[in-house]
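Chemist: Please see the structure below; I have some questions.
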Amino acid sequence: MLAIERRQKIMAMLNENKSVLVPELAKLFNVTEETIRRDLEKLEKEGLLKRTYGGAVLVENYNVDIPFEFRNVTNIEGKKQIALSLIKYIEDGDTLVMDSSTSALQVAKLLKTKKKITVITNSEQIISELKVFEDTIKVISTGGTLRNKSLSLVGPIAEQTLRSLNANKAIISCKGFDIEKGFTESNELEAQVKKLMIEIADKVYMIVDHTKMNKTALVNIATLDDVDFIFTDKILPPSQENAIREKNVEIVYC
1 MLAIERRQKI
11 MAMLNENKSV
21 LVPELAKLFN
31 VTEETIRRDL
41 EKLEKEGLLK
51 RTYGGAVLVE
61 NYNVDIPFEF
71 RNVTNIEGKK
81 QIALSLIKYI
91 EDGDTLVMDS
101 STSALQVAKL
111 LKTKKKITVI
121 TNSEQIISEL
131 KVFEDTIKVI
141 STGGTLRNKS
151 LSLVGPIAEQ
161 TLRSLNANKA
171 IISCKGFDIE
181 KGFTESNELE
191 AQVKKLMIEI
201 ADKVYMIVDH
211 TKMNKTALVN
221 IATLDDVDFI
231 FTDKILPPSQ
241 ENAIREKNVE
251 IVYC
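Position 233 of the sequence shown, counting from 1, maps to 233 under full-length UniProt numbering, and the rest follow consecutively.
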C-alpha cells in the first residue's frame, strides 16, 4: 500500500471514529509504529488532525482546506447513496453545471446512463471521468487557475466563462449547512465559483451529507431561498425539516 493510500484510510477512520491509536494503525496496515507516527505528523501539518499521546484526534475546523484525496474517502458510501438518488432527477438533454466537490463527482460517475447531456464544470476530476463518453456527454470546462488541493479551476477566467453560460440544473455541495446561516465554503475562490453556478442555473440541487449538517465555514455561498432541493443521507430533526420546507425546498433522503 502506498503512503498516500494509508493516509487516506487513516483520515477515513478519523472521520468515522474521531480518534485513532498508533499501535492499532500499525497492526492494521502492517507497518511500524514509527511509520504511522510519520503519517500522523504529515497529516497534522496539513491541519487535518491533532496528535495526542499514542494516537491522534480529528480536527473539526470547517475552514481547513482539506485536499481532494482525503475528501474523496470521507463518507464515501453516503455520497454514493446520494448520487444514486440524485441521478433520477437528471433527464436526457439536460445542461448541468457541476462543482468540484467529491459529491458531484459521484453523480458524474452515473451520467453515462443518460443521453445528450451537457456538463459545465470546474472540476478536473469530473472532466477526466466524462471524457470517455464524448458521444453522449458534452463537457465544457470553465478554464481558470488550477487549485492543486481541490483539483478545481477558479479565478477570473472560470468566473467569466460561467457568466457567459446557462444551465437548467446545478449540482453543488458545500462545506457546511446551518438553518440560519445557510450554505458555506472554506475557500473564497471556490465560494465565488459556486455562487455563479447557482446564479446561472434554473434549479439548484444541493448535496449536504450528514458530515456537513449544522456546520458553518468561512464564506457564504447560498441561502435556502437560492436552492430547490437538498439531498442528504440522514433524517433531520422535525424542527430543521419544517424550517427547510417552509422555504419551499424539497428534502430528499437518500
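We put the beta carbon where it would ideally sit given N, CA and C, even for glycine.
Within the same chain, show all residues whose beta-carbon is closer than 7 Å to that of residue 243, passing over the 5 residues directly before and after it, in chain order.
Modeler: By 1-based counting over the sequence shown, the position of residue 243 is 243. Taken in chain order, the residues that qualify are 179.
Chemist: Buried or exposed for residue 75, please, with buried defined as at least 16 other CB atoms from any protein chain shown within 10 angstroms of its CB.
Modeler: Here residue 75 corresponds to residue number 75 of the sequence shown, with the count starting at 1. Label assigned to residue 75: buried.
Chemist: According to DSSP, which residues form a beta bridge with residue 220?
Modeler: Here residue 220 corresponds to residue number 220 of the sequence shown, with the count starting at 1. DSSP, once it has assigned bridges, lists 184 as partnering residue 220.
Chemist: In the DSSP assignment, the alpha helix (DSSP H) including residue 250 goes from what residue to what residue?
Modeler: As a first step, residue 250 is located in the sequence shown; it is residue number 250 there, counting from the start. Per DSSP, residue 250 belongs to no alpha helix (DSSP H); it is in the beta strand (DSSP E), 250 to 253.
Chemist: Check whether the Cβ of residue 117 lies closer than 8 Å to any Cβ atom in chain D.
Modeler: Absent here is chain D; the protein component of the structure consists of one chain.
Chemist: Got a sec? Which residues, its chain only, sit under 6 Å from residue 203 by beta carbon, not counting five neighbours each side?
Modeler: As a position in the sequence shown, residue 203 is number 203, starting the count at 1. Answer for residue 203: 169 and 228, listed in chain order.
Chemist: Residue 111 to residue 126, Cα distance in whole Å?
Modeler: Translated into the one-based positions of the sequence shown, residue 111 becomes position 111. Translated into the one-based positions of the sequence shown, residue 126 becomes position 126. So the two alpha carbons sit approximately 11 Å from each other.
Chemist: For residue 140 and residue 34, I'd like the C-alpha separation in whole angstroms.
Modeler: The residue given as residue 140 occupies position 140 in the sequence shown. The residue given as residue 34 occupies position 34 in the sequence shown. Using only the alpha carbons, I get a separation of about 46 Å.
Chemist: Tell me the DSSP bridge mates of residue 145?
Modeler: Here residue 145 refers to the residue found at position 145 when the sequence shown is read from its first residue. Residue 145 is bridged to 154.
Chemist: So what's residue 165 in DSSP terms, helix, strand or just coil?
Modeler: Position 165 of the sequence shown, counted from the first residue, corresponds to residue 165. It is coil, neither helix nor strand.
Chemist: Find the nearest neighbour of residue 157 within the set 39, 235, 122 and 245, judged by alpha-carbon distance.
Modeler: Indexing the sequence shown from 1 puts residue 157 at position 157. For residue 157, the nearest C-alpha among the options comes from 122.
Chemist: How far does the alpha helix (DSSP H) with residue 82 in it reach, from first residue to last?
Modeler: For the purposes of this step, residue 82 is identified with residue 82 of the sequence shown, where counting begins at 1. Per DSSP, residue 82 belongs to the alpha helix (DSSP H) from 76 to 86.
Chemist: Using DSSP bridges, identify the partner residues of residue 205.
Modeler: Taking the sequence shown and counting its residues from 1, the one referred to as residue 205 is at position 205. DSSP, once it has assigned bridges, lists 171 and 229 as partnering residue 205.
Chemist: What first and last residue would you give for the beta strand (DSSP E) that runs through residue 118?
Modeler: The sequence position of residue 118 within the sequence shown is 118, counting from 1. Where residue 118 is concerned, the enclosing beta strand (DSSP E) stretches over 117 to 121.
Chemist: Compute the distance between the beta-carbons of residue 218 and residue 162, then report whether it is under 8 Å.
Modeler: As a working note, residue 218 is residue 218 in the sequence shown. As a working note, residue 162 is residue 162 in the sequence shown. Cβ distance not < 8 Å, so residue 218 and residue 162 don't count as in contact.
Chemist: Find out if the Cβ-Cβ distance for the pair residue 183, residue 213 is shorter than 8 Å.
Modeler: By 1-based counting over the sequence shown, the position of residue 183 is 183. By 1-based counting over the sequence shown, the position of residue 213 is 213. Taking 8 Å as the Cβ cut-off, residue 183 and residue 213 do not qualify as a contacting pair.
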